[in-house]
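Everything in the sequence shown is counted per my numbering, starting at 4 for the first residue and increasing by one. The structure under discussion appears below in the form of structure tokens.
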Amino acid sequence: MTPQPDAPLVSVVVPAYNAAWCLARAVDSVLAQDYRPIEVLVVDDGSTDATAAIAEGYGDPVRLIRKPNGGLSSARNAGIAEAKGELIAFLDADDWWLPGKLQAQVELMQAQPGLAFCSTATRVVDAEGDDRGVWGCPAVTRSPLHAIFERNAAVAGSGSAVLARREALKQAGPFDEALRSLEDVDQWMRLASVGGYTCLEEPLTVIEKRADSMSGNLDVMRQAALTVLRKNRHLLPENDRGRFWQACYATVLADYAKWETRAGRRTRAAMHLIEGGLRAPVARGRLCASLLVATIVGAAPPPRIPKPSQNTSQSN
4 MTPQPDAPLV SVVVPAYNAA WCLARAVDSV LAQDYRPIEV LVVDDGSTDA TAAIAEGYGD
64 PVRLIRKPNG GLSSARNAGI AEAKGELIAF LDADDWWLPG KLQAQVELMQ AQPGLAFCST
124 ATRVVDAEGD DRGVWGCPAV TRSPLHAIFE RNAAVAGSGS AVLARREALK QAGPFDEALR
184 SLEDVDQWMR LASVGGYTCL EEPLTVIEKR ADSMSGNLDV MRQAALTVLR KNRHLLPEND
244 RGRFWQACYA TVLADYAKWE TRAGRRTRAA MHLIEGGLRA PVARGRLCAS LLVATIVGAA
304 PPPRIPKPSQ NTSQSN
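This is how it looks when you write it as structure tokens:
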């Protein structure tokens, strides 16, 4: 495929750990894109299977980077350090892209130079390949930064949907290797503080979610979500570091209380809601209502999947 005139090089960072079962699907979906020039950086994070051999079998434009096991953030950071492109995309080894993703995102970034990053809506499938809905692009009413605080990962969707400017990543700093979960949300908050963000409503990214992928890690994810909110509080305008931030904190606890309730752990759900009321007085009314549902009714709706919509806000 002939590169387009003056088209920026896109570096695609693919972290991979024991990903022999799925790596080819991810890489093939990148090579099938109708955009050039690209380079694909497969970061083998200390795999013990055939991950490295599969990556080496491709040849140009796929390049293998080997490193000791350090986790997802460490692998992404290693890929960013080796990337040569002006634009950097991320794709986890067990996810894949649909045709046209890169072309559409590059066009967005070129048309809106104030963007630090962009993403697409994300289609979710289960281990059998059955459609489980779409993580869409909710409307941004204030700024991308406020929206990410309010909705956690829902704004940028999957990390595999994101395309970012190299310079913006440099300003935002590396992925936090100390976080055990939601390291991508932490990064998107920092990116949104240095530039604009927008999202394509078409679901051009596909991720596979297994049935036990979240239920077994609720404690880890809850703690990570609260850590991310605390460590990035300073990114908000000063007048939003009080009531607005407290409401975001309470929302996280309320959401995890709902998921604990669905898993039959109503006592734990009640504890989350009580903590939210103590830390976020502005949200006590809503939290009390949720507490009543969690402790007496014992029923809660499933986590919401936002409906796709397009947003082109660039403020921060």
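We treat Cβ as the ideally placed atom computed from N, Cα and C, and that holds for glycine.
With contacts defined as CB atoms closer than 8 angstroms, A27 and I57 qualify as a contacting pair. Note on geometry: alpha-carbon atoms of W191 and L172 lie some 10 angstroms from one another.
Per DSSP, W191 is one residue of the alpha helix (DSSP H) stretching across E186 to A195. The segment 174 to 191 and the segment 74 to 90 touch, with no fewer than 3 CB-CB distances between them shorter than 8 angstroms.
For the set A29, C121, A53 and R66, the Cα lying nearest the Cα of Q106 is the one of C121.
Taken through DSSP and simplified to helix, strand or coil, F152 comes out as helix. Taking a cut-off of 8 angstroms on C-beta distances, the segment 11 to 19 touches the segment 46 to 53, as three or more cross pairs fall below it. Here the alpha carbon of R233 sits roughly 43 angstroms from the alpha carbon of G62. Between R39 and I83, the alpha-carbon positions lie close to 19 angstroms from each other. Here K70 carries a strand assignment [DSSP, helix/strand/coil]. Distance check between K70 and each of A55, R135 and P102 places A55 closest, using alpha-carbon atoms only. DSSP places Y200 in the strand class (E or B) of the three-state scheme. In the three-state DSSP reduction, G49 falls in the coil class, being neither helix nor strand. When the Cα atoms are used, R169 and G88 turn out to be separated by approximately 7 angstroms.
Leaving aside the five residues that flank R244 on each side, the residues in its chain whose CB is nearer than 6 angstroms to its CB run, in chain order, R236. With fewer than three CB-CB distances shorter than 8 angstroms, the segment 222 to 231 does not count as touching the segment 143 to 151. For the set A130, A124, F247 and P102, the Cα lying nearest the Cα of S161 is the one of A124.
The beta carbon of A81 sits closer than 7 angstroms to the beta carbons of V46, I68 and K70 from its chain, once the five residues preceding and following it are set aside; these are given in chain order.
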